[in-house]
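What follows is a short report on a single structure.
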Amino acid sequence: MVHHKGVTLSGRLHVVMDDGTELELGPDDVSDIPPGHDAWVVGDEPWVGVDFSDDMATYAAPA
Numbered sequence: 130m131v132h133h134k135g136v137t138l139s140g141r142l143h144v145v146m147d148d149g150t151e152l153e154l155g156p157d158d159v160s161d162i163p164p165g166h167d168a169w170v171v172g173d174e175p176w177v178g179v180d181f182s183d184d185m186a187t188y189a190a191p192a
């Protein structure tokens, strides 16, 4: 899991933390989402965001 720090540019993203806390991100929302979460796009518009986390250099990189 990765700690995400970023901003939503467009679309909507629903996030559920392992403890049950939920939030929904929309355009111009700044986020700080620790490890232990799941997320999915809400609606038909793609979610576009910028993630400034240090972990992004290796996130989803081939093994």
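Heads up: the sequence shown begins at 130 in the working numbering, then just goes up one per residue. Glycine is no exception: its CB is placed at the ideal position from the N, C-alpha and C atoms. From a predicted model like this one, the values you see are computed outputs, not experimental measurements.
Alpha-carbon to alpha-carbon, Ser-182 and Ala-190:
Against the sequence shown, residue 190 aligns to sequence position 61. Against the sequence shown, residue 182 aligns to sequence position 53. In a straight line, the C-alpha of Ala-190 is about 15 Å away from that of Ser-182.
Let me confirm a value: Thr-137 is counted as buried when at least 16 other C-beta atoms fall within 10 Å, else exposed. Which label applies?
Indexing the sequence shown from 1 puts residue 137 at position 8. By the 10 Å Cβ count, Thr-137 comes out buried.
Relative to the C-alpha of Gly-178, which residue among Leu-152, Ser-160, Ala-192 is closest?
Against the sequence shown, residue 178 aligns to sequence position 49. Measuring from the Cα of Gly-178, the nearest candidate turns out to be Ser-160.
Measuring CA to CA, which of Glu-151, His-143, Met-130 is closest to Glu-174?
Translated into positions along the sequence shown, residue 174 becomes position 45. Glu-174 has its Cα closest to that of His-143, out of Glu-151, His-143, Met-130.
Return the first residue and the last residue of the beta strand (DSSP E) that Thr-137 is part of.
The residue labelled residue 137 in the question sits at position 8 within the sequence shown. It spans 133 to 139 - the beta strand (DSSP E) in which Thr-137 sits, taken as one unbroken run.
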